[in-house]
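This note's numbering runs 15 ahead of the 1-based position in the sequence shown. In what follows, a structure is listed as structure tokens, so that the remarks can point back to it.
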Amino acid sequence: MATRIPLAERMRPRNIVGYVGQEHIVGEGAVLRNALEQNNIPSMILWGPPGVGKTTLALLMAKALDRPFFSLSAIQSGVKDIREVIEKADQLQKFNQEQPILFIDEIHRFSKSQQDSLLGAVERGLVTLIGATTENPSFEVISALLSRCQVYVLKHLTEEELIGIVNSAISEDEFLKKRENRSSGI
16 MATRIPLAER MRPRNIVGYV GQEHIVGEGA VLRNALEQNN IPSMILWGPP
66 GVGKTTLALL MAKALDRPFF SLSAIQSGVK DIREVIEKAD QLQKFNQEQP
116 ILFIDEIHRF SKSQQDSLLG AVERGLVTLI GATTENPSFE VISALLSRCQ
166 VYVLKHLTEE ELIGIVNSAI SEDEFLKKRE NRSSGI
């Protein structure tokens, strides 16, 4: 049943054109949009408040580039998990596969040793790292890793953008359409 899937997941955009907000980095002519169009995104840290689309942006970039996507949560993962992903990336490289994207949610929660374990893979280009954080990366991400990443600041969504998302959800989501029809007597 589709309604068991969270609304945010059901409404996640399918491509970068459907992504709402952050025009300063993904709008026409913006730095990340250009990097995507050139099929060449750098390792990066996405820094912004909760709910602004950091995870969605990482997923959309991987999809747009048709790259393997590995996702870790810093809250639940350790060095062993990082090494497993790096080993998979190494195997992909041996078979001339596309460079995978390693997304780490809450990267600021990784310890120094956990962050250190990413350095070799990022330096050698085994993975494109995309870290997401709500905390200032200058204080929370080790300098050796930070120096190998671009930092992009994501902003709160505007009221207009939020209203647009809600209206899209009501008009596009089957469960919400049924609720809306019932409440309006249709």
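By construction, the Cβ of each residue, glycine as well, lies at the ideal position given by its N, Cα and C atoms. Note that the structure is predicted; figures quoted are calculated from it, not measured.
DSSP three-state assignment for Q108, whether helix, strand or coil: Along the sequence shown, read from residue 1 onward, the residue named residue 108 stands at position 93. If DSSP states are grouped into helix, strand and coil, Q108 belongs with the helices.
Three-state secondary structure (DSSP) of Q130: As a position in the sequence shown, residue 130 is number 115, starting the count at 1. Q130 falls in the helix class under three-state DSSP.
Outcome for H39 when other beta-carbon atoms lying within 10 angstroms are tallied against a minimum of 16: Taking the first residue of the sequence shown as 1, we reach residue 39 at position 24. The residue in question, H39, is exposed, as its Cβ has fewer than 16 Cβ neighbours within 10 Å.
Inside the region 49–112 only - beta strand (DSSP E) runs reaching at least 3 residues: Runs of the beta strand (DSSP E) lying entirely within the region 49–112, each at least 3 residues long, are 59–62, 84–88 in chain order.
Residue range of the beta strand (DSSP E) that includes A147: As a first step, residue 147 is located in the sequence shown; it is residue number 132 there, counting from the start. Looking at the DSSP string, the run of the beta strand (DSSP E) that includes A147 is 143–148.
Assigned exposure category for L87 - 16 Cβ within 10 Å defines buried: Along the sequence shown, read from residue 1 onward, the residue named residue 87 stands at position 72. Classified as buried, L87 has 16 or more neighbouring CB atoms from the shown chains inside 10 Å of its CB.
CB contact flag (L117, L144, <7 Å): Along the sequence shown, one-based indexing puts residue 117 at 102. Along the sequence shown, one-based indexing puts residue 144 at 129. Yes, the Cβ-Cβ distance between L117 and L144 is below 7 Å.
6 Å Cβ shell around P57 - same chain, five flanking residues per side excluded: As a working mapping, residue 57 is identified with position 42 in the sequence shown. So the list reads Q165, once near-sequence residues are dropped.
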